Amino acid sequence: MTRRTGMEIAFAAAEAVALCKPDVVAAYPITPNTHIPEHLSDIVADGRIDADFICVESEHSALSACCGASAAGARTFTATSSQGLLFMAEVMPIVSAMRLPVVMAIGNRALSAPINIWNDHSDIMSQRDTGWISVFASNGQEVVDMVIQGFKIAEHRDVLLPLNINLDGFQLTHVVEPMLFPDQEEVERFLPEYKPYATVHPDRVVSMGTLGMPEIFNEAMKAKDMGLINSKKVILEVWREWEEQFGRKHEPIEAYRTEGANVLLLTVGSMGETAEVAIDELRDRKMPAGLLKLKLWRPFPLEELRKAVKGAKVLAVMDRAVSCGGSAGPVCAEVKSALYGEPGCPVIVNYIIGLGGRDVTAEDFIQIVEKAAKADKEKPKEAYEIYGVRGS
Amino acid sequence: MLEIRWHGRGGQGAVTSVEMLALAAIGEGKHAQGFPSFGPERKGAPVAAFNRIDDKRIKVRSHIYTPDVVVVLDSSLVGLVDVTEGLKDDGILIVNTAKAAKQLKEEMNFKGTVATVDATRIARDELGVPITNTTMLGALIKVLKVVKLDSVEAPLEHKFGRIAQKNMAALKRAYEEVKIS
Amino acid sequence: MTNKKRPETWQEVNLGCMVFSPGNASEYHTGSWRDRRPVYDNSKCIKCGICYIFCPEGCISQDADGYFVADLDYCKGCGICAHECWPGAITMLQEG
């Protein structure tokens with residue numbers, strides 16, 4: 183039976199992992215994801231799940247251990263943040279190219295320097311092209327849901343790819359709030375036992391991570407890319423099954439009060455919830471503004487985006503990371519590329535907000551919408567703006 | 005929606021207070037958030053922690069700038085930190101101090117409601133240590149009536165185990181002894 | 013899951029580029045890389061096996077009489093065996 187419980191979201195993530203009965207967890211603690219592996223190590227030590235918790239000496243080792251464990255056929259989980267994810271970078275594309283369904287929670291945090299332990303999205307954005315499925319949670323409930331869905335998606339025979347769940351550091355990881363937890367039996371009904379495609383085992387020899395010469399590399403990359411693109415079908419199918427069993431809907435892009443909207447905000451992660459408050463306020467003032475919350479980041483939902491922006495005059499894309507020296511923030515660059523040449527494409531403006539834990543309020547979003555609304559008459563001078571930066 | 009800011013020093017358990025209050029409210033079927041002032045842990049440094057409580061689902065995830073209620077776990081923070089910053093004019097200030105509520109209200113020149121309780125003395129009596137987080141929770145429950153006294157029992161039990169009853173006793177004494185002006 | 017010589021199209025690439033036939037590296041004859049070959053003078057050989065241990069290709073084996081011989085299908089002619097052989101039983105002879 184579903185249970186409504188209040189809990190810190192990082193702990194809830196660990197509880198959701200435990201419900202999936204992983205075989206191996208290897209992680210190295212780093213703020214702000216620390217409570218996830220910390221609580222999982224408690225769960226393993228208390229004997230609540232029969233898993234190996236591998237205490238490694240670095241994030242590079244954590245993901246390497248997960249890679250090996252997954253290749254041996256284990257259901258595998260890890261978690262990290264910020265520099266920790268960057269330290270995993272070498273192993274990230276290897277895990278995906280070897281088609282190993284490792285699931286990872288990323289408590290998103292800014293990258294140094296200056297040293298900053300607070301939230302933004304520069305960690306995951308630096309790893310967006312590594313071939314992992316990537317989803318963003320906007321609240322604790324979505325974290326719980328996405329962890330359980332994550333194993334099912336990643337391990338699906340038509341997918342077999344690693345998956346990361348992004349939850350904003352502190353803004354989500356450290357907040358106590360109510361969530362609905364399915365019970366063990368419900369999770370087992372939803373999530374089948376993991377049956378690996380191939381395992382490194384002497385009974386049936388297989389080589390993984392072999393050399394790929396130039397004659398094969400194009401084809402190998404195309405196969406990996408198509409694997410990720412084709413995973414969307416399974417992601418949508420698993421989300422449908424989730425809705426049928428648990429009644430909570432998940433979509434690649436969630437629309438909030440977009441009917442008749444001239445201006446659309448597009449957000450990723452937890453700021454989407456605060457943005458809803460702003461949209462409510464603007465609608466009360468008879469301002470036709472709406473919100474799109476991007477939940478599926480990789481594979482990028484091209485068709486859904488094109489459909490979602492139809493009819494809008496201005497699309498204001500929120501980024502929580504800077505693509506230094508680039509043409510836009512990482513999300514906006516993706517959005518512009520997806521909408522280029524589309525008939526009736528809205529004017530696209532880009533605001534970079536909430537860097538390194540800078541607070542984002544509903545009032546900020548109201549001001550952004552009011553500013554963006556003028557963009558179809560007068561094009562902004564800059565391609566993107568770091569919102570609220572001091573100094574003109 | 006009710007917004008509460010707790011002031012304490014690192015190690016005094018302000019984060020536990022917000023967790024206990026959030027869990028008590030959630031246990032009653034309400035919606036609640038409890039979160040620390042995000043950042044590294046700093047023992048002794050002035051810190052804050054926050055609660056939001058509502059009957060509806062809470063969407064806002066920004067900091068709390070204009071709280072309805074401020075709770076001060078340690079009276080040495082008054083004067084050191086601007087504890088009434090952003091507090092609404094008709095807001096409520098609950099302070100751990102031996103001073104009478106009326107006296108503090110005058111000293112601080114605060115127009116809203118002031119409640120005081122000597123939580124340090126209660127905590128020393130009941131727990132043997134001057135850690136006032138659970139004690140002050142009792143004062144808050146009495147003043148705000150936002151959750152029932154019984155509702156904190158299960159969260160305290162889960163958090164404190166064998167010392168839960170002592171904490172509950174301290175909490176109940178503060179509930180009885182808090183004075184409002 | 014069959015092992016193909018080389019996939020013609022991306023659809024034929026094994027999932028994760030996995031290789032399912034063990035030891036198939038032996039199908040690749042590296043002897044064509046060689047421009048010098050090791051020649052053993054068994055009158056100097058003390059059968060210590062240091063050439064066998066050091067051969068990076070693993071292509072040296074011991075014959076029925078206990079002497080060592082390199083498999084020229086795989087020997088790349090690196091000369092490490094000759095360098096390591098302290099009794100000087102191996103010399104590298106230019107091919108061709």
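Residue numbers (my numbering), protein chains in the order written: chain A, 183 to 574; chain B, 5 to 185; chain C, 13 to 108.
Positions of the beta carbon are idealized from the N, C-alpha and C atoms, including for glycine.
Values in this document were obtained by computation on a predicted structure and should not be read as measured data.
Own chain partners of residue i with C-beta closer than 7 Å, once the 5 adjacent residues on each side are dropped
i: T42 (chain C); result: E69, Y86 and K88
i: V273 (chain A); result: H242, L245, S246 and C249
i: C97 (chain C); result: I62 and C63
i: K106 (chain B); result: S185
Same chain only: Cβ atoms within 6 Å of residue i, ignoring 5 sequence neighbours per side
i: P40 (chain B); result: V19 and A53
i: N346 (chain A); result: M286, I288, W314 and S316
i: L447 (chain A); result: A457, L473 and A498
i: G322 (chain A); result: I191, A194, E359 and M361
i: D75 (chain C); result: V81
i: I417 (chain A); result: I335
i: P528 (chain A); result: V491, A494, K495, V496 and L497
i: P378 (chain A); result: G255
Within-8 Å CB hit, residue i to chain A
i: R49 (chain C); result: no
i: E21 (chain C); result: Reading off the sequence, residue 21 (chain C) comes out as Thr, not Glu. Yes - at least one Cβ of chain A is within 8 Å of the one on T21 (chain C).
i: E157 (chain B); result: no
i: L68 (chain B); result: Residue 68 (chain B) is actually Ile in this sequence, not Leu. Taking Cβ atoms only, chain A never reaches closer than 8 Å to I68 (chain B), which makes this a no.
i: P68 (chain C); result: no
i: E23 (chain B); result: yes
i: K152 (chain B); result: no
i: F80 (chain C); result: no
i: T14 (chain C); result: Caution applies to T14 (chain C), whose pLDDT of 47 falls short of 50 and renders its modelled position unreliable; the model cannot decide the point.
i: C29 (chain C); result: yes
i: P71 (chain B); result: no
Any chain C beta carbon closer than 8 Å to residue i
i: S246 (chain A); result: no
i: V387 (chain A); result: yes
i: A251 (chain A); result: no
i: G570 (chain A); result: no
i: M390 (chain A); result: yes
Distance, residue j Cα to residue i Cα
i: H338 (chain A); j: H242 (chain A); result: 26 Å
i: T440 (chain A); j: A520 (chain A); result: 20 Å
i: K1 (chain B); j: K176 (chain B); result: Since the first residue shown for chain B is 5 and the last is 185, residue 1 (chain B) is missing from the structure and cannot be characterised.
i: D350 (chain A); j: E516 (chain A); result: 20 Å
i: V147 (chain B); j: L201 (chain A); result: 40 Å
i: G429 (chain A); j: V325 (chain A); result: 16 Å
i: E436 (chain A); j: A510 (chain A); result: 23 Å
i: A443 (chain A); j: L153 (chain B); result: 46 Å
i: E111 (chain B); j: V99 (chain B); result: 13 Å
i: S252 (chain A); j: V284 (chain A); result: 7 Å
i: S155 (chain B); j: V531 (chain A); result: 48 Å
i: N36 (chain C); j: V238 (chain A); result: 34 Å
8 Å Cβ cutoff, residue i in contact with chain B
i: A544 (chain A); result: yes
i: S294 (chain A); result: no
i: G188 (chain A); result: yes
i: E197 (chain A); result: no
i: M183 (chain A); result: no
i: D541 (chain A); result: yes
i: I299 (chain A); result: yes
i: P360 (chain A); result: yes
i: Q129 (chain A); result: As displayed, chain A neither begins before 183 nor continues past 574, which places residue 129 (chain A) out of reach and without an answer.
Same chain, Cβ closer than 8 Å to residue i, neighbours up to 5 away in sequence not counted
i: G91 (chain C); result: R48, P50 and M104
i: K492 (chain A); result: G526
i: A254 (chain A); result: T381, V382 and H383
i: Y179 (chain B); result: G142, A143, I145, K146 and L153
i: K183 (chain B); result: A104, A105, A119, T120 and V121
i: S240 (chain A); result: Y210 and F269
i: Q106 (chain C); result: D47 and R48
message: My parser needs the beta strand (DSSP E) runs of 3 or more residues fully inside the region 229-260 of chain A; what are they?
response: For the region 229-260 of chain A, the continuous beta strand (DSSP E) assignments of 3+ residues that do not extend past its boundaries occur at 234-237, in sequence order.
task: Just list the beta strand (DSSP E) runs in the region 427-473 of chain A, keeping only unbroken ones of 3 residues or longer that don't cross its boundaries, in chain order.
output: You should have 435-438 and 445-450.
query: Taking contact to mean at least 3 C-beta pairs separated by less than 8 Å, is the region 122-132 of chain B in contact with the region 542-559 of chain A?
result: No, because fewer than three Cβ pairs between the region 122-132 of chain B and the region 542-559 of chain A fall closer than 8 Å, the two stretches do not touch.
- request: Counting only runs of 3+ residues fully inside the region 350-391 of chain A, write out the beta strand (DSSP E) ranges in chain order.
  value: The beta strand (DSSP E) runs lying completely inside the region 350-391 of chain A and spanning 3 residues or more are 358-363, given in chain order.
field: Three-pair Cβ contact test at 8 Å for the region 200-211 of chain A versus the region 387-395 of chain A
entry: At 8 Å Cβ cutoff, the stretches do not touch.
Stretch-stretch touch, CB-based, cutoff 8 Å, three pairs: the region 396-406 of chain A with the region 292-306 of chain A: No: the two stretches stay apart, fewer than three of their Cβ pairs being nearer than 8 Å.
- request: Only counting runs of 4 or more residues, tell me where the alpha helix (DSSP H) segments fall wholly within the region 305-338 of chain A, in order along the chain.
  value: Runs of the alpha helix (DSSP H) inside the region 305-338 of chain A: 322-337.
task: Evaluate the contact criterion for the region 326-335 of chain A versus the region 264-279 of chain A: three or more CB pairs, one atom per stretch, below 8 Å.
output: In short, these stretches do not touch, since the Cβ pair count stays below three.
query: Any chance the region 7-15 of chain B sits against the region 66-86 of chain B, with 3 or more Cβ pairs inside 8 Å?
result: Yes: at least three Cβ pairs fall under 8 Å.
message: Check whether the region 453-467 of chain A and the region 67-76 of chain B touch, using three or more Cβ-Cβ pairs below 8 Å as the test.
response: By the Cβ test, the region 453-467 of chain A is not in contact with the region 67-76 of chain B, since fewer than three Cβ pairs between them sit closer than 8 Å.
query: Would you call the region 399-409 of chain A and the region 22-32 of chain C in contact, with 3 or more CB pairs under 8 Å?
result: By the Cβ criterion, the region 399-409 of chain A is in contact with the region 22-32 of chain C, since at least three pairs of Cβ atoms, one from each stretch, lie closer than 8 Å.
message: Could you tell me which whole alpha helix (DSSP H) segments of length 4 or greater appear in the region 100-126 of chain B?
response: The region 100-126 of chain B contains these whole alpha helix (DSSP H) runs: 105-112.
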